[in-house]
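Just so you know, we're using UniProt numbering here: the sequence shown kicks off at 1 and counts up by one.
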Amino acid sequence: MEKTFTLSNGVTIPSVGYGTYKVIDASAADIVRTALECGYRHLDTARIYGNEKEVGEGMQMSSVPRNEIFLTSKVWKTHLSYDDALRSVEESLKDLQTDYLDLCLLHWPMPEGDHAHWQQRDLAAWQALERLYEEKVVHAIGVSNFLPHHLMPLLAKANIKPMVDQLEIHPGYCQPYAMSFCQKEGIQVEAWSPLGRTRVLEEPLLLELAEKYGKSPAQICLRFALDNGVLPLPKSASLERMKANLDVFDFRLSPEDISRIFTMAQTGWSNQHPDTF
Ligand code: A2P
Numbered sequence: 001m002e003k004t005f006t007l008s009n010g011v012t013i014p015s016v017g018y019g020t021y022k023v024i025d026a027s028a029a030d031i032v033r034t035a036l037e038c039g040y041r042h043l044d045t046a047r048i049y050g051n052e053k054e055v056g057e058g059m060q061m062s063s064v065p066r067n068e069i070f071l072t073s074k075v076w077k078t079h080l081s082y083d084d085a086l087r088s089v090e091e092s093l094k095d096l097q098t099d100y101l102d103l104c105l106l107h108w109p110m111p112e113g114d115h116a117h118w119q120q121r122d123l124a125a126w127q128a129l130e131r132l133y134e135e136k137v138v139h140a141i142g143v144s145n146f147l148p149h150h151l152m153p154l155l156a157k158a159n160i161k162p163m164v165d166q167l168e169i170h171p172g173y174c175q176p177y178a179m180s181f182c183q184k185e186g187i188q189v190e191a192w193s194p195l196g197r198t199r200v201l202e203e204p205l206l207l208e209l210a211e212k213y214g215k216s217p218a219q220i221c222l223r224f225a226l227d228n229g230v231l232p233l234p235k236s237a238s239l240e241r242m243k244a245n246l247d248v249f250d251f252r253l254s255p256e257d258i259s260r261i262f263t264m265a266q267t268g269w270s271n272q273h274p275d276t277f
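Shown next, in the form of structure tokens:
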């Protein structure tokens, strides 16, 4: 079963990544080391997470060589200009103790209401990522939280098409329009909070599917992403759950069960109202 996806530029990316949002306390570096040593080869961080130093330390502490790790970081929306985006990536590289990123994303589009020239701001920062890509400082580039109406103006002006869009996707919030828009454009979708911050895990449908497939509700969520061609980025501080979240390659959800999850997301579930970042 697919343990990697291939991005539109041919770069291979491990199909389950370790999300590091909120991995920030004194044990953060240890947690990252543990994730690598229990099998993760894909780490997802961001400048705004405030943990790049710890992620870098965790990589140094682990026995896994840098070239076996797929490392993503992101440029925060306060840095959506050409120069600021370049500076942000430079700082990320320093904190992460590395000289390249496997993937660099614009973390969030410029909010339309905040800036009359939001499309130009997104484009200027994107052009900085294009330059870093040409210089091979970053091996793939993409965006995050860009919906189709953010992507369309960018696609119209970009020289290099984003290879990835990282979106909030889980069984309570599937974003089918954004998902299929990206997939038609050949943009790999990644899922942040693929477990719905645990709030979907008690849903009767997920409990039923967990029973049916002999897996946990969290593993059903991760398979839901993978079976839709979406790359999940679960996070866990517990070794047991880290391992469980990688143990999702021995089953697939049936098309009917996938449809039932989409219907659940549309028609309501017990604890909806996903909070925002
Ligand atoms: P913990 O760190 O104690 O494992 P999301 O990735 O959707 O934002 O969800 C993250 C939350 O999910 C964390 O609170 C994490 O807690 C919890 N979590 C991670 N993996 C599992 C799992 N396999 N089963 C239940 N909860 C999980």
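For every residue, glycine included, the Cβ atom is placed at its ideal position computed from N, Cα and C.
Quick one, which of the options has its alpha-carbon nearest residue i's?
i	options	result
Ala46	Leu239, Asp95, Ala156 and Asp247	Asp95
Ile141	Ala158, Pro148, Met152 and His149	Ala158
Leu167	His107, Val248 and Ala265	His107
Leu226	Gly214, Ser254 and Glu203	Ser254
Trp118	Leu93, Asp102, His149 and Leu205	His149
Ser81	Arg121, Ala29, Glu57 and Pro194	Arg121
Ile69	His139, Tyr49, Asp165 and Pro109	His139
Phe181	Ser62, Pro162 and Glu211	Pro162
Leu7	Arg260, Leu151 and Asp165	Asp165
Leu205	Val11, Thr267 and Pro109	Thr267
Ser27	Asn245, Glu57, Met152 and Phe249	Glu57
Just the C-alpha distance for residue i and residue j, rounded to the nearest angstrom, thanks.
i	j	result
Gln175	Val230	12 angstroms
Glu90	Ala128	12 angstroms
Met242	Cys38	8 angstroms
Leu43	Pro232	11 angstroms
Val16	Tyr40	8 angstroms
Pro217	Gln60	33 angstroms
Ile220	Arg199	14 angstroms
Phe262	Leu201	15 angstroms
Trp126	Val64	31 angstroms
residue 282	Ala156	What the structure shows of the chain is the stretch from 1 to 277, and residue 282 is not part of that stretch, so it cannot be assessed.
Asp247	Pro234	12 angstroms
Pro274	Leu222	Confidence at Pro274 is low in this model, with a pLDDT of 49, below 50, so its placement is unreliable and no value can be given for it.
Val23	Asn51	7 angstroms
Asp84	Tyr21	22 angstroms
Ile169	Ala29	27 angstroms
Thr276	Gln183	With a pLDDT of 40 at Thr276, under the threshold of 50, the predicted position of this residue should be treated as unreliable, though the coordinate-derived value follows. For Thr276 and Gln183, the distance between alpha carbons rounds to 24 angstroms.
Ala210	Val137	42 angstroms
Glu190	Leu103	12 angstroms
Applying the criterion that 16 or more other CB atoms from any shown protein chain within 10 Å of the CB defines a buried residue, is residue i buried or exposed?
i	result
Glu54	buried
Met111	With the sequence shown as reference, residue 111 is identified as Pro, and Met is not the correct amino acid for it. Exposed is the call here.
Thr72	buried
Ser88	buried
Ser238	exposed
Asn9	exposed
Trp269	buried
Gly19	buried
Asp177	The question names Asp, yet the displayed sequence has Tyr at residue 177. So Tyr177 counts as exposed.
- Scan the segment 76 to 146 and note each continuous beta strand (DSSP E) run of 3 residues or more that stays entirely inside, going in chain order. 103 to 106 and 141 to 144
- Item | Minimum length 4: unbroken alpha helix (DSSP H) runs contained in the segment 151 to 203 | 176 to 184
- Message: My parser needs the beta strand (DSSP E) runs of 3 or more residues fully inside the segment 201 to 251; what are they?
- Response: none
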